[in-house]
Amino acid sequence: MQTQTQQEYDQVIEQCRALFLAKTHDYGTAWRILRLPSVTDQLYIKAQRIRSIQEKGTQLVADGVNEEFIAIINYCVIALMQLHLPADSPQDLPPTEVAAAYDREIQANRDLLFAKNHDYGEAWRQMRVPSITDIILMKLHRTKQIEDLEGKTYVSEGVEANYRDMLNYAVFALIKLEGEK
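Take any residue in the sequence shown, count from 1 to its spot, add 1: that is its number in our numbering.
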């Protein structure tokens with residue numbers, strides 16, 4: 002039997018995956034041209050826009066906070082796919098290969114989420130969405146620092162762990178926002 006969190010997580014991911022695959026149909030795998038620091042910068046832009054909307058209470062561009070959290074999830078998946086694709090992978094990937102890679106990365110994230118949820122006791126449910134945004138921004142600053150150090154760190158888990166955490170925090174935010182409706 003699935004728990005409430007599993008159901009909510011799967012619903013959020015289903016929406017993100019559908020959008021990602023629709024964009025893959027329209028744009029192909031244009032995202033393959035992005036180097037990881039470029040993906041990180043795109044994530045930063047999305048998270049910073051969320052924070053700006055949260056602080057100002059208004060927005061002038063149609064896409065709202067929910068759409069930006071969805072974008073964070075999908076850009077994190079892009080980063081993870083880029084990390085795990087062989088160096089000689091072509092820029093243009095077949096949609097079936099993209100869908101399979103998306104599903105692999107999401108499954109790894111889902112497994113991580115439920116392991117951490119077990120240990121932390123779903124503490125994220127007590128968090129405020131703006132705090133989740135701040136944590137995503139902090140993890141982006143960490144990721145940028147690791148990239149600037151070219152991965153030569155003393156104690157960091159590395160960029161992959163940060164992308165995975167940001168993805169799961171964005172899912173938490175969407176679950177919480179859905180619950181506020």
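C-beta: ideal position from N, C-alpha, C; glycine also.
- Message: Spatial neighbours of Leu84 within its chain, please: C-beta separation below 8 Å, excluding the five flanking residues on both sides.
- Response: The residue given as residue 84 occupies position 83 in the sequence shown. For Leu84, where only same-chain residues beyond five positions count, the Cβ hits under 8 Å are Leu37, Val160, Glu161 and Tyr164.
- Message: Can you tell me whether Lys153 is helix, strand or coil according to DSSP?
- Response: The residue given as residue 153 occupies position 152 in the sequence shown. Note: Lys153 maps to coil in three-state DSSP.
- Item | The alpha helix (DSSP H) enclosing Ser39, as first and last residue numbers | In the sequence shown, residue 39 corresponds to position 38, counting from 1. That run of the alpha helix (DSSP H) goes Leu37 to Lys57.
- C-alpha gap between Lys57 and Ser132, whole angstroms: Here residue 57 corresponds to residue number 56 of the sequence shown, with the count starting at 1. Here residue 132 corresponds to residue number 131 of the sequence shown, with the count starting at 1. So the two alpha carbons sit approximately 16 Å from each other.
- Pair within 8 Å by beta-carbon distance, Gln92 and Thr41: Against the sequence shown, residue 92 aligns to sequence position 91. Against the sequence shown, residue 41 aligns to sequence position 40. No, the pair does not count as a contact, with Cβ atoms beyond the cut-off.
- Which same chain residues, not among the five before or five after Arg143, have their C-beta less than 8 Å away from its C-beta? In the sequence shown, the residue the question calls residue 143 occupies position 142. Only Ser157 and Asn163 meet the Cβ criterion.
- Query: Which residue comes first and which comes last in the alpha helix (DSSP H) that contains Gln83?
  - Reply: Your numbering for residue 83 matches position 82 in the sequence shown. Per DSSP, Gln83 belongs to the alpha helix (DSSP H) from Val66 to His85.
- Query: When the Cα of Glu9 is compared with those of Ile176, Cys17 and Ala23, which residue comes out closest?
  - Reply: Position 8 of the sequence shown holds residue 9. Closest by alpha carbon: Ile176.
- Taking C-beta to C-beta, are Leu44 and Tyr76 nearer than 8 Å? Within the sequence shown, the letter at position 43 stands for residue 44. Within the sequence shown, the letter at position 75 stands for residue 76. Against a cut-off of 8 Å, the Cβ pair of Tyr76 and Leu44 comes out as a contact.
- Please classify Leu61: does DSSP put it in a helix, a strand, or coil? In the sequence shown, residue 61 corresponds to position 60, counting from 1. The answer is coil: DSSP assigns Leu61 none of H, G, I, E or B.
- Query: For Glu106, does the count of other Cβ atoms within 10 angstroms reach 16, so buried, or fall short, so exposed?
  - Reply: In the sequence shown, the residue the question calls residue 106 occupies position 105. When all chains shown are included, Glu106 counts as buried.
- What span of residues does the alpha helix (DSSP H) with Pro96 cover, start to end? Counted from its first residue, the sequence shown places residue 96 at position 95. Taken as a continuous stretch (DSSP letters only), the alpha helix (DSSP H) holding Pro96 covers Pro96 to Tyr121.
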